[in-house]
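Residue 135, in numbering that gives the first Met the number 0, is where the sequence shown stops; the numbers in between run on with no holes.
For each residue, glycine too, the CB sits at the ideal point set by N, CA and C.
Structure record follows, encoded as structure tokens.
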Amino acid sequence: MTTQQTLVLLKPDAVKRQLIGQILSRFEQKGLKIINLRWFRFTQELARQHYAEHIGKPFYSGLEEYVMSGAAVAVILEGPEAVAVVRRLIGPTNGVEASPGTIRGDFSLSNQQNLVHASDSSASAEREIKIFFPAV
Ligand code: CMP
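Below is the structure:
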């Protein structure tokens with residue numbers, strides 16, 4: 000088992016729906032450690048940097064509008080195989096398809112407004128942590 004760090008974003012729908020505590024407690028209950036956490040707000044530039052791989056896709060302009068619509072929270076989590084563990088805890092992108100027990104399965108019915116983002120590989124985690132926590 001490799002100890003890893005991964006980046007999680009609680010997107011504006013999670014903040015507006017007052018789900019920050021419930022979502023973070025899922026990660027803590029699992030045994031993952033919160034290593035760092037901060038409020039931020041997506042600018043267009045930050046959205047383009049973070050979601051570079053999605054620019055040009057049909058859903059991109061809606062995604063940009065959604066993530067810029069309010070405050071968000073960036074979190075670094077650490078634990079054994081944290082990247083895969085967190086991805087399983089949040090469930091697949093579409094809340095309609097996500098299984099009960101996952102964060103998206105329990106709280107989202109949307110493909111876009113799916114509350115959380117989590118790094119999909121250790122390389123992505125390294126890249127994304129540098130974007131949101133440049134001093135770490
Ligand atoms: P996230 O895990 O942050 O990564 C990319 C985001 O784009 C995703 O969560 C959703 O918010 C959004 N997204 C991905 N696919 C679609 C889609 N088909 N339609 C609308 N939004 C999407």
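Practice prompt. Look at the Cβ atom of Ile-102, then the Cβ atom of Arg-16, and state whether they are nearer than 7 angstroms.
Written response: With respect to the 7 angstroms criterion, Ile-102 and Arg-16 are not classified as neighbours on the basis of their beta carbons.
Practice prompt. Report the residue from Val-72, Gly-55, Thr-1, Lys-129 whose alpha carbon sits nearest the alpha carbon of Val-14.
Written response: Taking the Cα of Val-14 as reference, the smallest distance to any Cα among Val-72, Gly-55, Thr-1, Lys-129 is reached at Val-72.
Worksheet entry | Endpoints, the alpha helix (DSSP H) within which Gln-111 is located | In the DSSP annotation of this structure, Gln-111 is not part of any alpha helix (DSSP H), being labelled neither H nor E.
Worksheet item: Considering only C-alpha positions, which residue in the set Pro-133, Gly-90, Gly-69, Tyr-50 is nearest to Ile-22?
Response: Checking every option, the nearest Cα to that of Ile-22 belongs to Gly-90.
Worksheet entry | Alpha-carbon to alpha-carbon, Gly-30 and Arg-47 | Each residue's alpha carbon lies about 32 angstroms from the other.
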